[in-house]
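For the sequence shown, the positions run -22 to -1, 1 to 222 when mature numbering (1 follows the signal peptide of the UniProt record, and there is no 0) is used.
Just so it is clear, CB atoms sit at the ideal spot from N, CA and C, and this is done for glycine as well.
Shown next, in structure tokens, is the structure this report addresses.
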Amino acid sequence: MRILSAAALTIGLVCSSFSVHAQDVGETRSVQNAPVVVELYTSQGCSSCPPADELLTLLAQQDDVLALALHVDYWDYIGWKDEFASPAHTKRQKGYAHAGARRMIYTPQMVIMGYEDVVGANAPAVAEVIRKYRQTPQPVALRAEQVGAEVTLKALAQQNVSGSEPLLIHLARYEPMQTVSITRGELRGHTLNYANVVEELSVIGQWDGSGEFSVTIPVEGSEKTAFFVQQGAHGRIVGALKLD
């Protein structure tokens, strides 16, 4: 186990290896329009990550799942620098560890709806958690209208979502598919495909859950766009929307 110190928290790093079975993730269509948000913390420097990357590729093909690949930078020292990695992604993963009272971060990890922690290549476990959230209406309804290069996002709570922390409105911009030939590190000699690679994840507003929230932002470029509402920085995700 490799150890990483971060402020008051010492977090161990470990790669976990499981098999991927496509039939475990595509069983049921959504009973609601809002997608289930799945964040995969992965790295091109982690030899156990390709099965999870393949699983995320399957999830990305489902309309009722918002699958996001957040590449972390803490395996870069092994010999291959992940070109998609961001310290911000590592910081977000550490934040989830703090919130869940966990002493370790690892790859591949999936965080589902900001709350459920699942080993990223454990397809049956991932499918079970997604199934649970598919059957539960999301507390916040989101709708968006795009006019030219601007999108207006509106949010309306369907039930009480107020808490000790404000609701954060997140914007995610991501590339649907990237292909990388890796020449060094644990995965040297492999050419791998990566789905829904996050290039931007930012907070575009705060909300107390009352009334209707509205924000207009510019949206340009070829990347795909999605939004989600989260209780604080690392709390439960209570609403999500993918733009077509």
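Just to check my reading of the structure: residue i and residue j have Cβ atoms closer than 8 Å, yes? What is that Cβ distance to the nearest angstrom?
i, j, result
"Leu145", "Leu219", "So it is not a contact: roughly 14 Å between Cβ atoms."
"Thr161", "Asn171", "At roughly 16 Å, the Cβ-Cβ gap does not stay under 8 Å, so Thr161 and Asn171 are not in contact."
"Val129", "Ala47", "Incorrect: roughly 22 Å between the Cβ atoms, too far for contact."
"Gln124", "Leu18", "Actually they are not in contact, since the Cβ atoms of Gln124 and Leu18 sit about 27 Å apart, beyond 8 Å."
"Ile108", "Val43", "7 Å"
"Gln116", "Ala12", "4 Å"
Candidates the options: which alpha carbon is nearest residue i's?
i, options, result
"His49", "Leu34, Ala12, Val43", "Leu34"
"Ser64", "Val15, Asp51, Trp58", "Asp51"
"residue 234", "Ala122, Phe205, Gly23", "Missing from the structure shown is residue 234; the chain here goes from -22 to 222 and no further."
"Ala77", "Gly92, Ala66, His67", "Gly92"
"Met155", "Phe62, Val14, Ser25", "Phe62"
"Gly57", "Glu164, Arg80, Gly187", "Glu164"
"Ala127", "Arg109, Gly199, Ala133", "Gly199"
"Lys132", "Ser188, Ala173, Tyr152", "Ser188"
"Glu201", "Gln209, Glu190, Ala173", "Ala173"
"Lys59", "Asp186, Arg166, Thr203", "Arg166"
"Arg80", "Asn100, Leu44, Val96", "Val96"
"Val15", "Glu190, Ala66, Val104, Ser21", "Val104"
"Lys134", "Val118, Ala122, Gly98", "The sequence shown places Leu at residue 134, rather than the Lys named in the question. Comparing Cα positions, the closest option is Val118."
"Tyr152", "Arg112, Gln22, Thr169, Thr203", "Thr203"
"Ala66", "Gln22, Leu179, Cys24", "Leu179"
Assuming residue i is part of the alpha helix (DSSP H), what are its boundary residues?
i, result
"Ile108", "101 to 112"
"Asp95", "Unbroken run through Asp95 is the beta strand (DSSP E), 94 to 97; no alpha helix (DSSP H)."
"Pro13", "Here Pro13 belongs to no alpha helix (DSSP H), and DSSP marks it neither H nor E."
"Leu170", "Premise fails: Leu170 lies in the beta strand (DSSP E), 169 to 185, not in any alpha helix (DSSP H)."
"Glu32", "28 to 38"
"Gly73", "65 to 77"
Over the uninterrupted beta strand (DSSP E) stretch that includes residue i, give me the two end residues.
i, result
"Tyr152", "145 to 159"
"Tyr84", "82 to 85"
**Asked** With contact counted as at least three CB pairs below 8 Å, one residue from each stretch, are the segment 78 to 88 and the segment 26 to 46 in contact?
**Response** yes
- Message: Does the structure place the segment 190 to 202 close enough to the segment 52 to 59 that three or more beta carbon pairs sit under 8 Å?
- Response: By the criterion of at least three beta-carbon pairs nearer than 8 Å, the segment 52 to 59 is not in contact with the segment 190 to 202.
* To do: Assess, as a yes-or-no matter, whether the segment 60 to 75 is touched by the segment 121 to 141 under the definition of 3 or more beta carbon pairs within less than 8 Å.
  => no
Next item on the list: Could you say if the segment 92 to 109 and the segment 202 to 216 meet the contact criterion of at least three C-beta pairs nearer than 8 Å?
Entry: yes
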